[in-house]
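Quick note, the working numbering runs 74 ahead of the 1-based positions in the sequence shown.
Comments concern the structure below.
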Amino acid sequence: MQDNESVINNINKLKNEKNAVILAHNYQRDEIQDIADFVGDSLGLSQEAVNQDADVIVFCGVDFMAESAAILSPEKTVLMPEIDAGCPMAAMVTPRSLREKREEYPDAEVVCYVNTSAAVKAECDICCTSANAVNVVNSLDANTIIFVPDKNLANYVNSQTEKTIIPWEGYCPTHHQILAGDVLLMKEQHPSADFLAHPECRIDVLEIADEILSTTGMVNYVKQSDSDEFIIGTENGILHRLEKENPDKKFYHASQYAICPNMKMITLDSVQKSLEKMEYEIRVPEETRAKAKRALDRMLEVKRSE
Ligand code: 13P
Ligand code: SF4
Numbered sequence: 075m076q077d078n079e080s081v082i083n084n085i086n087k088l089k090n091e092k093n094a095v096i097l098a099h100n101y102q103r104d105e106i107q108d109i110a111d112f113v114g115d116s117l118g119l120s121q122e123a124v125n126q127d128a129d130v131i132v133f134c135g136v137d138f139m140a141e142s143a144a145i146l147s148p149e150k151t152v153l154m155p156e157i158d159a160g161c162p163m164a165a166m167v168t169p170r171s172l173r174e175k176r177e178e179y180p181d182a183e184v185v186c187y188v189n190t191s192a193a194v195k196a197e198c199d200i201c202c203t204s205a206n207a208v209n210v211v212n213s214l215d216a217n218t219i220i221f222v223p224d225k226n227l228a229n230y231v232n233s234q235t236e237k238t239i240i241p242w243e244g245y246c247p248t249h250h251q252i253l254a255g256d257v258l259l260m261k262e263q264h265p266s267a268d269f270l271a272h273p274e275c276r277i278d279v280l281e282i283a284d285e286i287l288s289t290t291g292m293v294n295y296v297k298q299s300d301s302d303e304f305i306i307g308t309e310n311g312i313l314h315r316l317e318k319e320n321p322d323k324k325f326y327h328a329s330q331y332a333i334c335p336n337m338k339m340i341t342l343d344s345v346q347k348s349l350e351k352m353e354y355e356i357r358v359p360e361e362t363r364a365k366a367k368r369a370l371d372r373m374l375e376v377k378r379s380e
């Protein structure tokens, strides 16, 4: 059995040989964040994949994120170290169920959160992230918007726009582990802490948040904030990055149960194996890729709200 240091040395050697970069989502295991060339949110990482002068992208995240990188950078080899690392919320909408919903609302436009498969993106009019969802919805001509798949993000957008939002019944099982009661208890224990919530949290959790932010929004907010303490309402992996970048500030998770098992599948060993065997390559069929890219490109034209 290899120790961590020799695995990391081998990963770095393989990266050089193959002209590869490692991109890791903010929720990845601490040791994966530490070996990554970039750590970021789902969209930021896909854009980073485009900007990188690399032949190979090792994407440490879940399937829809690696697919987004493959959609935006078809000339690069995009690898996912664990092929089963999917997003249960993204799996809650299929192209067929979305087409059926469109038939019910023929005048509506469809906005899909980046947490969707490439096949679903190909069926929508425009994509959004948690950072730009309100701006994306407001940029559209239609007054009725079918919003997939996250009902919590949809409800949040609904509270910020004049348009009629038809929410999908999807949700993130990890963010649903964060309960308002847990947050109130944490607030009692840390009365001067700011509570930052991801918009995938339940509505009653969002109602007691000081700020509602995407993961990158949280990273940026904490950096410029005068507060020294924060209760973090999202997947707990982000605390590693927050603590590393802000050693003088204190962070508490809103719930010890906010852990996404899919995000934790990737290990140092699986990254090493991925580079050794050049597996598992993520490819999106060209017709789907071109349609999904149109929805992503349309979103990128709308300025990020944070
Ligand atoms: P971000 O886009 O904020 O990184 O979130 C992705 C995600 O999976 C949230 O659960
Ligand atoms: Fe999907 Fe939730 Fe995990 Fe994000 S945290 S990848 S939305 S299951």
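Every residue gets a Cβ at the ideal spot worked out from N, C-alpha and C, and that includes glycine.
Bridge-paired residues (DSSP) for residue i
| i | result |
| --- | --- |
| Y326 | I305 |
| P241 | F221 |
| H99 | G114 |
| V130 | A94, T151 |
| E355 | L153 |
| A25 | Here the chain comprises residues numbered 75 to 380, so residue 25 is not present and cannot be evaluated. |
Residue i Cβ short of 8 Å to the ligand SF4 heavy atom set
| i | result |
| --- | --- |
| Y101 | yes |
| T190 | no |
| H249 | yes |
| P162 | yes |
| E274 | yes |
| N336 | yes |
| V136 | yes |
| E309 | yes |
| C246 | yes |
Reduced DSSP secondary structure (H/G/I, E/B, other) of residue i
| i | result |
| --- | --- |
| G135 | coil |
| E350 | helix |
| G114 | strand |
| P265 | coil |
| T362 | helix |
| L287 | coil |
| E236 | coil |
| D371 | helix |
| V345 | helix |
| Y179 | coil |
| I45 | Any question about residue 45 goes unanswered here, given that the chain covers just 75 to 380. |
| Y187 | strand |
| I333 | coil |
| N209 | helix |
Residue i: CB within 8 Å of a non-hydrogen atom of the ligand 13P
| i | result |
| --- | --- |
| C202 | no |
| V300 | For the record, residue 300 in the displayed sequence is Asp; it is not Val. Flag unset: Cβ of D300 not near the ligand 13P. |
| A144 | no |
| A205 | yes |
| T168 | no |
| D268 | no |
| T238 | no |
* Looking at C-beta atoms only, is the number of pairs between the stretch 349-368 and the stretch 97-104 that lie closer than 8 Å three or more? -> No: the two stretches stay apart, fewer than three of their Cβ pairs being nearer than 8 Å.
* Asked: When the Cβ atoms of the stretch 117-128 are set against those of the stretch 163-178, are three or more pairs found closer than 8 Å?
  -> no
* Three or more C-beta pairs closer than 8 Å, one from the stretch 251-268 and one from the stretch 304-324: is that the case here? -> Touching, yes, given that three or more Cβ pairs across the two stretches are closer than 8 Å.
* On the three-pair Cβ rule with 8 Å, is the stretch 148-158 touching the stretch 125-137? -> yes
* Mind the definition here: the stretch 228-243 touches the stretch 306-324 only if three or more C-beta pairs lie below 8 Å; say whether that holds. => Output reads no: the stretch 306-324 does not touch the stretch 228-243.
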